[in-house]
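First up is the structure itself, then whatever we jot down about it.
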Amino acid sequence: MKICRKCGAKEENEVLFICSECGGPLRTIKSNPFTEGKFGIFHVNLDSVTDNYEELLKLLQECFITRCEYLYHMGVFNITAVHPSFEKMKEGQPPELYDIMYHEDKLEYFFRNVKKREVN
Ligand SMILES: [Zn+2]
1038 MKICRKCGAK EENEVLFICS ECGGPLRTIK SNPFTEGKFG IFHVNLDSVT DNYEELLKLL
1098 QECFITRCEY LYHMGVFNIT AVHPSFEKMK EGQPPELYDI MYHEDKLEYF FRNVKKREVN
């Protein structure tokens, strides 16, 4: 996404250097999952913290955590956070739930929307 320095028009076409509205110079806007409302909720199992600490930390480093609570009866940390892969929150609705999945080829954790698990 780019924005015109002169008239403020938003330009989706990343290849353009000048505004298609007024010919003014464009500047690139970095995506910001926080202002975009990409909030999600996920559970971190206590076992995975002790067994896969390093790998898990890599995923958590990409998150801006806004809430964390240890749920003793479930043995999980219930975390609300911002992450680029989360979907934008819908107005008046709570953040969606995500699973933490392990990618065998890339050897890393990633988030998957729980809704997509239920579809498959
Ligand atoms: Zn312009």
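When the count follows my numbering, it moves up by one through the sequence shown with no breaks and lands on 1157 for the last residue. Note that the Cβ used here is the ideal one computed from N, Cα and C, for glycine as well.
- For L1094, the secondary structure class from DSSP, reduced to helix, strand or coil, is helix.
- With 16 or more other Cβ atoms inside 10 Å of its own Cβ, F1079 counts as buried.
- Between F1148 and Y1135, the C-beta spacing is below 8 angstroms.
- By the neighbour-count criterion, in which a residue is buried when 16 or more other Cβ atoms sit within 10 angstroms of its Cβ, P1131 is exposed.
- Between K1067 and E1124, the CB-CB gap reaches or exceeds 8 angstroms.
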